[in-house]
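Everything on this sheet refers to the single structure shown next.
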Amino acid sequence: MNSFAAPRPLTPARVPLVDRRRHALFTAQVRVLLFGGAFVLLAAAALMRLAWLGVVQPAPSTTSMADALLPIRAELTDRNGVTLARAFPAYALWYNPQALEDGGSPLVKSPQSVAQELAAIFPDMDAQDLAKRLASGKSGYLRRRVLPEDANKVMEIGELALELPRETDRHYPQGQLAAHVLGYVQDGQGYVGMEAALNDRLANPAQRGQPVALSIDSRVQGALEDELNRGMRMVDAVGAAGVVLDVHTGEVMAMASLPEFDPNHMDQEGQSRVFNKVTNQVYELGSTFKPLTVAAALDAGVITDLSRRWQANRPLAMGRFRIKDTKVYGATLNAPQAMIHSSNIVTAQIADEVGPARMKQVMGNLGFNERPYIELPARGFPIWPSGEWPRLRNMTISYGHGIAVTPLHLASAYAAMVNGGVWRPATLLKLPEGEAPRGRRVFKESTSAQMNKILRMIALYGTGRHADAPGFRVGGKTGSAEKPGAGGYRRTTLVSTFASAFPMDDPQYVVIIMYDEPKGTVASSYQRTAAWNAAPTVKRLVPRIGPLLGVYPDETREIDLASVAHLVGKSEK
Amino acid sequence: MTPQAQLRRIGWIALLAVLTGFYLMLHFKVQAVHSEVVRAERRIVSLEQEKLLLATEFETRANQMQLAAWNQVDFGYVAPTAAQFLEGERQLAALGVSGLPGSSPILMAKATVDDMPALPVEADVEDVAGRVLAVAETGEAPRDLRLATATLASSGRVPLAALAGATTE
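Residue numbers (this note's numbering), protein chains in the order written: chain G, 1 to 573; chain C, 1001 to 1169.
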């Protein structure tokens, strides 16, 4: 190499040799560099792969399963965790004529025989219609929902063209139960009930893994619907409504509006029944308002002595309008007697003394001037006379005419009247144990205690006798209001309501039962009024739901009537 | 290149080959375990879905309306009356006897029943309860409520649940 150290002229023959040598050296260096680089890259790749395996990879594989198990829409359950609505992958029956992929006949057997076999599995399907659809060679759903055992039977037919894809489906295991509370789902959108009210919460990916617990108890709901259905058929009513409300928390334990729809199969008829009679339809609820009037009078100090008497045998003439009773029970009646015999004349006089301003304030405090408080989207606005109430309007409202509210309004008002005087909003969501909204005080506690005695006496001695379920200390008031029609009230078309609470010595639940246009039948002794249809329903219902709700029958207990029984001519029981 | 350098190079290549082999083995093993985990997860998902489907089917078949319909036709159970509830431990203690010999910590409750009325079954239900059918099928004696009551009465010991409002002291 020293030859390069001392510059000297190169002979022309040596020049290419040096050049080649330098070139070879350069190539070797580049190769070593590339080779070394490849090793480094390989080692780095291996290291990164190891790090990937150890640190990153397990995480996505666990979430993949959680993703797969996350329902497309959150479940709705009752207060005890019984499923009321669930999204799950169900089987459908799909006809795929191209399944055999041979261009020939889509079915192995004849369409007729396959149709026969399918009709044997699904008795509600028409074999001839099926045969026609199979023969047509067009793909499509043969059936939207198939039970697993039926799916197995379809597989046994052995036709490849009959496919059973699994599709996500909203299902209501309890069928029509609580249909108006739940609502239904179409194309991922909830309608009518809590499906609509909670739509965003139920479809939210972050929250839909957790079921939503409603306040209703499916057993109580079942009993309520069963008894309402039975009562409705017995008196041939066009509709019925019922609600069971916890008086201390405002939780709705059961709510039913009949006739119901089937959220699993929504059709034209179902659509016509989605109207909720409990929260959306306003009624003049008649005499069930009378206890509220008496409570307002007790609260205002108008009645300081329950033995005070009012005239009861002469109709009150207000201009052309006359307030009268169907039957005269004596020249004078005191307030408890007026409640027991449901006297319009006495109630109107009491309201007159309370005065329109105070009455309006109490009725407003009970929530009658706004839509009912509940999560459901369908809430009816009451017919609430605005402005200053004239004297006559005040008197008719005292016995439930000239004001129209929903049965839920009445339930909340009765809850306030019996629970010690605090009005609370009704809710369909389960509240945590021991928690209840603060509410607002409407009546004094002493008023509430007096009213409990009066309500109990109505069920013991008065129009509510048919509701007195033995051992449950039921108290309540009947109300039979004529429905308004063209040119005034229609005498023979009634809305019969029984508003009650139990047990009256320590009220826990309010039960409202209402029949729309009941007829006089053998079962109701040819009577149309609430004492003969709604009250007996309460008598049958309360023993069924009482023990489920923690209220046990006890014939040795009774609310203390010692101070009031003599007022209605009874010695204490 | 010296022979040592050549040997060293071969050594390095062999080491690389062996390590690559180990790496590939590990890689395949990891892939195998991974695919097994994925398969197990898929199976879990499918079983969970199956379970959900079956649970839903069960709930559908045993819904409140179906139970009420069965009760109306087959069983005829009615709501319990006040006499069917024991109120508090005092009433339960009133039925207590020293049941087992010796000083057993287990307490027994006993009620002597002379003429136990039938359980509160609605009259029109008994006719459609299908007890005669059961005899024809099983060849056993009809399992009548009264028979059960008689057996209970003769043994002198009645489970509290079977008292059904007929508690007599």
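The C-beta atom is built at its ideal place from N, Cα and C for all residues, glycine as well.
When you check each C-beta in the stretch 318-337 of chain G against every C-beta of chain C, which residues fall closer than 8 angstroms? Close to chain C, meaning a Cβ-Cβ distance shorter than 8 angstroms, is no residue of the stretch 318-337 of chain G at all.
Have a look at G:PHE122, G:ILE340, G:LEU306 and G:ILE513 and flag the residue whose alpha-carbon is nearest the alpha-carbon of G:ARG540. Sequence index remark: in the first sequence, residue 540 of chain G carries index 540 (1-based). Comparing Cα positions, the closest option is G:ILE513.
Near the ligand MG: G:ARG557 beta-carbon under 6 angstroms from a heavy atom: Because no ligand of any kind appears in the structure shown, any question about the ligand MG cannot be addressed here.
Can you tell me whether C:ILE1013 is helix, strand or coil according to DSSP? For this step, residue 1013 of chain C is matched to residue 13 along the second sequence. Per DSSP, reduced to three states, the secondary structure at C:ILE1013 is helical.
Mind pulling the chain C residues with CB within less than 9 angstroms of G:ASP554? As a working note, residue 554 of chain G is residue 554 in the first sequence. What G:ASP554 touches in chain C: ALA1082, PHE1085 and GLU1087.
What does G:HIS171 pair with, by DSSP beta-bridge criteria? By one-based count along the first sequence, residue 171 of chain G stands at place 171. For G:HIS171, which the question treats as bridged, DSSP gives the partners G:ARG86.
Got a sec, what are the start and stop residues for the beta strand (DSSP E) G:ILE323 sits in? Within the first sequence, the letter at position 323 stands for residue 323 of chain G. For G:ILE323, the enclosing beta strand (DSSP E) begins and ends at 321-323.
Beta strand (DSSP E) segment containing G:MET255, residue limits: Walking along the first sequence from the start, residue 255 of chain G turns up at place 255. Per DSSP, G:MET255 belongs to the beta strand (DSSP E) from 252-258.
So, for G:ASN229: in the same chain, excluding its five sequence neighbours on each side, which residues have a beta-carbon less than 7 angstroms away from its beta-carbon? Within the first sequence, the letter at position 229 stands for residue 229 of chain G. LEU258, listed in sequence order.
From G:ILE157, G:LEU142, G:VAL235 and G:HIS180, pick the residue whose C-alpha is nearest to that of G:PRO165; which is it? In the first sequence, residue 165 of chain G corresponds to position 165, counting from 1. When only C-alpha atoms are compared, the closest one is G:LEU142.
What residues in the stretch 523-551 of chain G have a beta carbon less than 7 angstroms from any beta carbon of chain C? When CB distances to chain C are screened at a threshold of 7 angstroms, the residues of the stretch 523-551 of chain G falling below it are PRO543, ARG544 and PRO547, in chain order.
So, with DSSP's three-state summary, where would you put G:TYR141? Stepping through the first sequence from its first residue, residue 141 of chain G is reached at position 141. In the structure shown, G:TYR141 adopts extended strand secondary structure according to DSSP, grouped into three states.
Provide the residue span of the beta strand (DSSP E) that contains G:PRO385, from first to last. For the purposes of this step, residue 385 of chain G is taken as the residue at position 385 of the first sequence. Premise fails: G:PRO385 is in no beta strand (DSSP E) and is neither H nor E.
In the DSSP output, which residue or residues are listed as bridge partners for G:PRO484? Locating residue 484 of chain G in the first sequence gives position 484, where the first residue counts as 1. DSSP, once it has assigned bridges, lists G:TYR489 as partnering G:PRO484.
Got a sec, what are the start and stop residues for the alpha helix (DSSP H) G:ASP299 sits in? Counting from one through the first sequence, the residue named residue 299 of chain G turns up at place 299. Segment 290-300, the alpha helix (DSSP H) holding G:ASP299.
Rounded to the nearest angstrom, what separates G:ARG309 and G:ALA335 at their Cα positions? Along the first sequence, one-based indexing puts residue 309 of chain G at 309. Along the first sequence, one-based indexing puts residue 335 of chain G at 335. Distance between the alpha carbons of G:ARG309 and G:ALA335: 7 angstroms.
With 7 angstroms as the threshold, decide whether the Cβ of G:LEU25 is near any Cβ in chain C. Counted from its first residue, the first sequence places residue 25 of chain G at position 25. Judged by the 7 angstroms Cβ criterion, G:LEU25 is not in contact with chain C.
For the beta strand (DSSP E) containing G:ASN334, list its first residue and its last residue. Locating residue 334 of chain G in the first sequence gives position 334, counting from the first residue. Following the DSSP letters along the chain, one finds G:ASN334 inside the beta strand (DSSP E) bounded by residues 332-334.
Taking all protein chains shown into account, decide if C:LEU1047 is buried (16 or more other Cβ within 10 angstroms of its Cβ) or exposed. The residue labelled residue 1047 of chain C in the question sits at position 47 within the second sequence. It counts as exposed.
Per DSSP, what are the beta-bridge partners of G:ILE512 in this structure? Here residue 512 of chain G refers to the residue found at position 512 when the first sequence is read from its first residue. Under the DSSP definition of a beta bridge, G:ILE512 partners with G:VAL243 and G:ALA499.
Under 7 angstroms, do G:GLY462 and G:SER500 count as touching if we go by C-beta distance? On the first sequence, position 462 is the one that residue 462 of chain G refers to. On the first sequence, position 500 is the one that residue 500 of chain G refers to. Between G:GLY462 and G:SER500, the C-beta gap is not smaller than 7 angstroms, which leaves the two residues out of contact.
Contact the stretch 438-447 of chain G vs the stretch 318-333 of chain G: 3+ CB pairs below 8 angstroms: Touching, no, given that fewer than three Cβ pairs across the two stretches are closer than 8 angstroms.
Among the residues of its own chain, which have a CB less than 7 angstroms from the CB of C:ALA1129, if the five just before and after it don't count? What you label residue 1129 of chain C is simply residue 129 of the second sequence in a count that begins at 1. Because C:ALA1129 sits at a pLDDT of 39, beneath the cut-off of 50, its placement in the model cannot be relied upon, and the following sentence gives the value as read from the coordinates. Closer than 7 angstroms at Cβ, skipping near neighbours: ASP1074.
Distance check for G:THR556 and G:GLY434, CA to CA, integer angstroms please. Residue 434 of chain G sits at position 434 when you count from the first residue of the first sequence. Residue 556 of chain G sits at position 556 when you count from the first residue of the first sequence. Their Cα atoms are separated by approximately 29 angstroms.
Grouping DSSP H, G and I as helix and E and B as strand, with all else coil, what is G:GLU375? As a first step, residue 375 of chain G must be located in the first sequence, where it is residue number 375. Three-state result, G:GLU375: coil.
In the DSSP output, which residue or residues are listed as bridge partners for G:ARG166? As a working note, residue 166 of chain G is residue 166 in the first sequence. G:ARG166 pairs with G:TYR91.
Determine the extent of the beta strand (DSSP E) in which C:TYR1077 is found, giving its start and end residues. Against the second sequence, residue 1077 of chain C aligns to sequence position 77. Under the DSSP assignment, C:TYR1077 falls outside any beta strand (DSSP E); it carries neither an H nor an E label.
Quick check on C:TYR1077 - is its C-beta less than 7 angstroms from some C-beta in chain G? Translated into positions along the second sequence, residue 1077 of chain C becomes position 77. Residue contact check for C:TYR1077 against chain G: no CB pair falls below 7 angstroms.
So for G:LYS477, helix, strand or coil by DSSP? Numbered from 1 along the first sequence, position 477 holds the residue referred to as residue 477 of chain G. Looking at G:LYS477 - three-state DSSP - the assignment turns out to be strand.
Same chain, Cβ closer than 6 angstroms to G:GLN349, five either side skipped, listed in chain order: The residue given as residue 349 of chain G occupies position 349 in the first sequence. Excluding residues within five positions, the ones whose Cβ falls inside 6 angstroms are TRP310.
Chain-order list of residues whose beta-carbon lies under 6 angstroms from that of G:GLN112 (same chain, five-residue window excluded): Within the first sequence, the letter at position 112 stands for residue 112 of chain G. Same-chain partners within the cutoff: ALA131.
From which residue to which residue does the alpha helix (DSSP H) around G:LEU177 run? Stepping through the first sequence from its first residue, residue 177 of chain G is reached at position 177. Unbroken run through G:LEU177: none, as it is neither H nor E.
Compare the C-alpha of C:GLN1049 against each of G:GLU195, G:ALA51, G:LEU224 and G:MET65 and name the closest. On the second sequence, residue 1049 of chain C is found 49 positions in, with the first residue counted as 1. Out of G:GLU195, G:ALA51, G:LEU224 and G:MET65, G:MET65 has the C-alpha closest to the C-alpha of C:GLN1049.
Which residues, taken in chain order from the stretch 1007-1020 of chain C, show a beta carbon closer than 7 angstroms to some beta carbon of chain G? Those residues of the stretch 1007-1020 of chain C that come within reach of chain G (Cβ to Cβ, closer than 7 angstroms) do not exist; the list is empty.
Of the residues G:GLY286, G:PHE368, G:MET359 and G:ILE303, which one's Cα is nearest the Cα of G:SER342? Translated into positions along the first sequence, residue 342 of chain G becomes position 342. Minimum Cα distance to G:SER342 is reached at G:GLY286.
Please list the segments of the beta strand (DSSP E) lying wholly inside the stretch 519-569 of chain G, counting only runs of 3 or more residues, in order along the chain. Entirely contained in the stretch 519-569 of chain G, not one beta strand (DSSP E) run reaches 3 residues.
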